[in-house]
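Trainee:
4 protein chains.
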Amino acid sequence: MAVPSFEPADAGFADRVRASFERQGALKTFNVALTAVEPGRSVMEFPWSEQVTQQHGFVHAGVLGAVMDTACGYAAFSLMPADAAVLTIEYKVNLLAPARGQLFRVQGEVLKPGRTITVSEGRAWALDGEKEKLVATMTCTLMAVFGREGIQH
Amino acid sequence: MAVPSFEPADAGFADRVRASFERQGALKTFNVALTAVEPGRSVMEFPWSEQVTQQHGFVHAGVLGAVMDTACGYAAFSLMPADAAVLTIEYKVNLLAPARGQLFRVQGEVLKPGRTITVSEGRAWALDGEKEKLVATMTCTLMAVFGREGIQH
Amino acid sequence: MAVPSFEPADAGFADRVRASFERQGALKTFNVALTAVEPGRSVMEFPWSEQVTQQHGFVHAGVLGAVMDTACGYAAFSLMPADAAVLTIEYKVNLLAPARGQLFRVQGEVLKPGRTITVSEGRAWALDGEKEKLVATMTCTLMAVFGREGIQH
Amino acid sequence: MAVPSFEPADAGFADRVRASFERQGALKTFNVALTAVEPGRSVMEFPWSEQVTQQHGFVHAGVLGAVMDTACGYAAFSLMPADAAVLTIEYKVNLLAPARGQLFRVQGEVLKPGRTITVSEGRAWALDGEKEKLVATMTCTLMAVFGREGIQH
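Protein chains in written order, with this note's numbering: chain A, 23 to 175; chain B, 23 to 175; chain C, 23 to 175; chain D, 23 to 175.
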């Protein structure tokens with residue numbers, strides 16, 4: 023996935039993304055850090071912890087999905103006007119390998135930006151010692167909304 | 023979604039599901055309770071809490087996905103032989119409305135069981151005072167695995 | 023899937039659906055007939071023919087997807103205002119069994135209508151002599167568009 | 023999507039793919055040509071024709087899905103042993119732009135091969151004069167099956 027260069031509609035996009043990220047309770051729960059924000063791209067990392075596991079001790083597929091959804095959402099949000107909020111319409115996750123490791127890196131990238139609809143792609147890697155393994159992918163469809171009650175960026 | 027009646031391969035299916043559920047770290051983090059297990063169906067509930075929110079204070083779409091994935095998985099697992107473990111191959115979530123409420127109910131039901139591949143459908147409702155609203159749906163594809171290292175039911 | 027009763031925005035919905043259906047070249051190719059149009063629901067049928075097969079002689083999964091997509095689209099379109107056109111944003115198909123039979127029935131139903139975004143669910147059954155078998159399901163996300171060049175209902 | 027180099031299990035993979043492709047009735051209907059077969063990758067092309075259109079005269083989203091599903095399937099099949107048949111478990115399509123053009127190119131690539139489950143990604147481009155535009159993407163999950171009645175490669 024080569025990243026095409028996108029032009030953000032708002033120069034303050036990175037601050038908007040970081041401010042919104044800080045309000046995400048679930049991501050705090052997972053100890054997720056936002057490690058990069060670029061136009062049309064965001065990267066997050068989180069460590070293995072008991073709080074994110076499923077029954078075999080690996081990272082829960084749904085937690086991977088939650089972080090990929092967030093990374094895809096901020097990738098889309100980074101290209102939107104300053105007064106837009108972003109809503110996920112749908113997402114689809116494929117699990118490629120058990121999410122076994124110490125650290126997990128998640129990337130969201132815009133595939134196709136749009137005034138209303140944006141499509142982003144997510145990838146999740148497990149880092150286990152020296153090894154890095156692609157463990158999950160996402161396709162995510164997002165919508166820009168304006169002036170909707172209770173939904174701000 | 024009328025539930026067809028399925029015949030479990032193992033009479034002890036409910037105990038297997040409950041024992042596996044207890045080992046799910048992420049679901050403890052979300053305060054999820056398993057409220058029903060039947061052949062081909064499982065139901066879970068969790069309350070609103072700061073730990074499961076996104077930036078607008080609603081339940082994070084990814085947390086809904088994680089709980090629906092689990093409910094779909096146990097619906098499938100309930101029909102499998104006693105020596106099977108269940109892995110999610112992929113899932114797809116549609117968000118229908120903001121997940122605003124005090125309590126969230128999630129149901130997984132088997133649509134098509136199979137020796138190797140099972141397809142389950144998930145639904146999530148937000149309960150807000152007297153109101154109950156369908157907020158998300160899932161289609162989930164699962165695989166029965168046998169004798170794979172590190173993966174037990 | 024019990025069908026909730028939906029209120030169409032335009033009383034002439036069935037005529038609009040039928041007129042649009044007539045312009046679908048691919049569906050003529052597959053010999054698809056539109057057998058029912060109701061508010062939020064459409065049903066189509068097509069016979070087995072060489073033109074719709076894959077390498078094993080069953081109906082091609084992609085042809086099932088094409089007809090389910092169309093049925094989901096018209097289910098959504100039936101609830102839209104008279105000046106709206108409908109575009110598919112995305113769809114997801116699960117194949118449950120080989121599509122073996124003489125006749126194939128496909129149904130699209132609206133799960134959640136919306137001003138901009140509508141979510142529909144599709145089902146496809148193979149009719150083989152006396153037997154009727156669910157062979158595929160779809161979740162489909164559609165968008166109402168207004169006044170866009172080249173896209174009319 | 024950089025293509026990793028995959029090792030085919032059977033040196034005669036390209037002949038197997040071409041022989042199977044020849045038996046696809048639906049693809050003949052769409053005038054699809056198989057233009058490339060490599061380990062883990064296949065490419066197909068088809069011209070605009072009345073037979074593949076939807077109501078606005080563009081290529082039907084479902085036809086794009088059918089061809090992408092096929093390209094994804096042969097990408098997976100190219101890496102399988104000589105006695106395997108390939109079945110699509112599920113696929114998901116995102117439509118990025120109206121499929122307007124004279125010629126359509128579709129590529130399927132294996133993202134993650136597996137003994138039982140393979141995940142492929144599809145892309146479809148519309149070629150309109152000098153312009154080439156990405157119009158749709160797919161994620162497709164496939165299964166290798168062995169010795170199942172009525173299903174041969």
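Just so it is clear, CB atoms sit at the ideal spot from N, CA and C, and this is done for glycine as well.
Report yes if the C-beta distance between residue 108 of chain A and residue 62 of chain A is below 8 Å; otherwise report no.
Mentor: Along the first sequence, read from residue 1 onward, the residue named residue 108 of chain A stands at position 86. Along the first sequence, read from residue 1 onward, the residue named residue 62 of chain A stands at position 40. Against a cut-off of 8 Å, the Cβ pair of residue 62 of chain A and residue 108 of chain A comes out as no contact.
Trainee: Alpha carbon to alpha carbon, how far is residue 118 of chain A from residue 111 of chain B?
Mentor: Within the first sequence, the letter at position 96 stands for residue 118 of chain A. Within the second sequence, the letter at position 89 stands for residue 111 of chain B. Rounded to the nearest angstrom, the gap between the Cα atoms of residue 118 of chain A and residue 111 of chain B is 7 Å.
Trainee: Is residue 37 of chain D near the ligand COA - that is, is its Cβ less than 7 Å away from at least one heavy atom of it?
Mentor: Among the components of this structure there are no ligands whatsoever, and the ligand COA is therefore not found.
Trainee: Nearest-angstrom Cα distance between residue 91 of chain B and residue 168 of chain B?
Mentor: As a first step, residue 91 of chain B is located in the second sequence; it is residue number 69 there, counting from the start. As a first step, residue 168 of chain B is located in the second sequence; it is residue number 146 there, counting from the start. The straight-line gap from Cα to Cα measures roughly 20 Å.
Trainee: Which residues mark the beginning and the end of the alpha helix (DSSP H) in which residue 39 of chain C is found?
Mentor: The residue labelled residue 39 of chain C in the question sits at position 17 within the third sequence. Start and end: 35 to 44.
Trainee: Starting from residue 102 of chain A, trace the beta strand (DSSP E) both ways and give me its first and last residue.
Mentor: Your numbering for residue 102 of chain A matches position 80 in the first sequence. Careful: residue 102 of chain A lies outside any beta strand (DSSP E) and carries neither H nor E.
Trainee: Roughly how far, in whole angstroms, is the beta-carbon of residue 69 of chain A from the beta-carbon of residue 124 of chain A, given that I think they are within contact range, below 8 Å?
Mentor: Within the first sequence, the letter at position 47 stands for residue 69 of chain A. Within the first sequence, the letter at position 102 stands for residue 124 of chain A. Right, their Cβ atoms sit about 6 Å apart.
Trainee: With a threshold of 8 Å between beta carbons, is residue 132 of chain B in contact with chain C?
Mentor: Within the second sequence, residue 132 of chain B is the residue found at index 110, counting from 1. No, its Cβ sits nowhere closer than 8 Å to a Cβ of chain C.
Trainee: Starting from residue 124 of chain C, find everything on chain D with Cβ-Cβ shorter than 7 Å and list it in chain order.
Mentor: Here residue 124 of chain C corresponds to residue number 102 of the third sequence, with the count starting at 1. Correct list: empty, because the minimum Cβ distance to chain D is about 15 Å.
Trainee: By DSSP's criteria, residue 68 of chain D is part of a beta bridge. Which residues make up the other side?
Mentor: Looking up residue 68 of chain D in the fourth sequence gives position 46. DSSP lists D:126 as partners of residue 68 of chain D.
Trainee: Please list the partners that residue 114 of chain B has in chain C, where partner means a Cβ-to-Cβ separation under 8 Å.
Mentor: For this step, residue 114 of chain B is matched to residue 92 along the second sequence. Per Cβ cutoff of 8 Å: 114, 161.
Trainee: Within a Cβ cutoff of 8 Å, which residues of the same chain sit near residue 179 of chain D, ignoring the five residues on either side of it in sequence?
Mentor: This structure does not reach residue 179 of chain D, given that chain D is present from 23 up to 175, and the question cannot be answered.
Trainee: With 8 Å set as the bound, which would you pick, yes or no: does the beta-carbon of residue 165 of chain D sit closer than that to a beta-carbon of chain B?
Mentor: Here the question's residue 165 of chain D lines up with position 143 in the fourth sequence. At least one CB of chain B lies nearer than 8 Å to the CB of residue 165 of chain D.
Trainee: Are the C-beta of residue 141 of chain D and some C-beta of chain A separated by less than 8 Å?
Mentor: As a first step, residue 141 of chain D must be located in the fourth sequence, where it is residue number 119. A Cβ of chain A is located within less than 8 Å of the beta carbon of residue 141 of chain D.
Trainee: Distance check for residue 144 of chain B and residue 161 of chain B, CA to CA, integer angstroms please.
Mentor: For the purposes of this step, residue 161 of chain B is taken as the residue at position 139 of the second sequence. For the purposes of this step, residue 144 of chain B is taken as the residue at position 122 of the second sequence. Going from the Cα of residue 161 of chain B to the Cα of residue 144 of chain B covers about 6 Å.
Trainee: Compute the Euclidean distance between the alpha carbons of residue 23 of chain C and residue 126 of chain B, then round it to the nearest angstrom.
Mentor: If you number the third sequence from 1, residue 23 of chain C lands on position 1. If you number the second sequence from 1, residue 126 of chain B lands on position 104. Here residue 23 of chain C scores only 46 on pLDDT, less than 50, and its place in the model should not be relied on; the value that follows carries that caveat. Cα to Cα, the separation comes out at about 21 Å.
Trainee: Looking at the structure shown, is residue 150 of chain B part of a helix, part of a strand, or coil, going by DSSP?
Mentor: Along the second sequence, one-based indexing puts residue 150 of chain B at 128. Residue 150 of chain B falls in the strand class under three-state DSSP.
Trainee: Using the Cα positions of residue 93 of chain D and residue 64 of chain D, report the straight-line distance between them to the nearest angstrom.
Mentor: Within the fourth sequence, the letter at position 71 stands for residue 93 of chain D. Within the fourth sequence, the letter at position 42 stands for residue 64 of chain D. Using only the alpha carbons, I get a separation of about 6 Å.
Trainee: Out of curiosity, what's the CA-to-CA distance linking residue 72 of chain B and residue 153 of chain B?
Mentor: Translated into positions along the second sequence, residue 72 of chain B becomes position 50. Translated into positions along the second sequence, residue 153 of chain B becomes position 131. Cα to Cα, residue 72 of chain B sits roughly 21 Å from residue 153 of chain B.
Trainee: Just confirm the distance between the C-beta atoms of residue 48 of chain C and residue 115 of chain D, as a whole number of angstroms; I'd bet it's less than 8 Å.
Mentor: Along the third sequence, read from residue 1 onward, the residue named residue 48 of chain C stands at position 26. Along the fourth sequence, read from residue 1 onward, the residue named residue 115 of chain D stands at position 93. The Cβ separation is near 15 Å, so there is no contact.
Trainee: Indicate whether residue 135 of chain D and residue 156 of chain D have their beta-carbon atoms separated by less than 8 Å.
Mentor: Taking the first residue of the fourth sequence as position 1, residue 135 of chain D is located at position 113. Taking the first residue of the fourth sequence as position 1, residue 156 of chain D is located at position 134. Cβ distance not < 8 Å, so residue 135 of chain D and residue 156 of chain D don't count as in contact.
Trainee: Please compile the residues from chain C whose C-beta is within a distance smaller than 8 Å of the C-beta of residue 118 of chain B.
Mentor: Here residue 118 of chain B corresponds to residue number 96 of the second sequence, with the count starting at 1. Simply 133, 134, 141.
Trainee: Is residue 106 of chain C close to chain D, meaning its C-beta is less than 8 Å from at least one C-beta of that chain?
Mentor: Along the third sequence, one-based indexing puts residue 106 of chain C at 84. So no, residue 106 of chain C is outside the interface.
Trainee: Judging by CA-CA distance, which residue of B:103, B:106, B:51, B:45 is the nearest neighbour of residue 79 of chain A?
Mentor: Translated into positions along the first sequence, residue 79 of chain A becomes position 57. Of the listed residues, the one whose Cα sits closest to residue 79 of chain A is B:45.
Trainee: Compare the C-beta of residue 72 of chain C against all C-beta atoms of chain D and say whether one is closer than 8 Å.
Mentor: What you label residue 72 of chain C is simply residue 50 of the third sequence in a count that begins at 1. Cβ-Cβ to chain D under 8 Å: yes for residue 72 of chain C.
Trainee: So which of D:158, D:163, D:166 has the shortest CA-CA distance to residue 163 of chain A?
Mentor: One-based indexing of the first sequence puts residue 163 of chain A at position 141. Here the closest residue by C-alpha is D:158.
Trainee: Could you tell me the distance, in whole angstroms, from the CA atom of residue 95 of chain B to the CA atom of residue 106 of chain B?
Mentor: Here the question's residue 95 of chain B lines up with position 73 in the second sequence. Here the question's residue 106 of chain B lines up with position 84 in the second sequence. Those two C-alpha atoms are separated by around 12 Å.
Trainee: Using the three-state DSSP reduction, which class does residue 108 of chain A fall into: helix, strand or coil?
Mentor: Numbered from 1 along the first sequence, position 86 holds the residue referred to as residue 108 of chain A. Three-state result, residue 108 of chain A: strand.
Trainee: Tell me the DSSP secondary structure of residue 23 of chain B in three-state form.
Mentor: What you label residue 23 of chain B is simply residue 1 of the second sequence in a count that begins at 1. Any answer about residue 23 of chain B is weak, because its pLDDT of 46 lies below 50 and its placement is not dependable; what the coordinates show is given next. In this structure, residue 23 of chain B counts as coil in the three-state DSSP scheme.
Trainee: Could you name the residues of chain D that residue 47 of chain C contacts, counting a contact when the two beta carbons are closer than 7 Å?
Mentor: Here residue 47 of chain C refers to the residue found at position 25 of the third sequence. Correct list: 72, 73, 74, 75.
Trainee: Compare the C-alpha of residue 140 of chain D against each of D:120, D:58, D:113 and name the closest.
Mentor: Within the fourth sequence, residue 140 of chain D is the residue found at index 118, counting from 1. With distances taken between Cα atoms, residue 140 of chain D lies closest to D:113.
Trainee: Using only CA atoms, which one of C:87, C:53, C:104, C:66 lies nearest to residue 35 of chain C?
Mentor: Mapped onto the third sequence, residue 35 of chain C falls at position 13. When the alpha-carbon of residue 35 of chain C is set against those of C:87, C:53, C:104, C:66, the nearest one is in C:104.
Trainee: Quick one: measure Cβ to Cβ for residue 40 of chain B and residue 59 of chain B, integer angstroms, because I've assumed they're closer than 8 Å.
Mentor: Indexing the second sequence from 1 puts residue 40 of chain B at position 18. Indexing the second sequence from 1 puts residue 59 of chain B at position 37. Contact holds; Cβ gap of about 7 Å.
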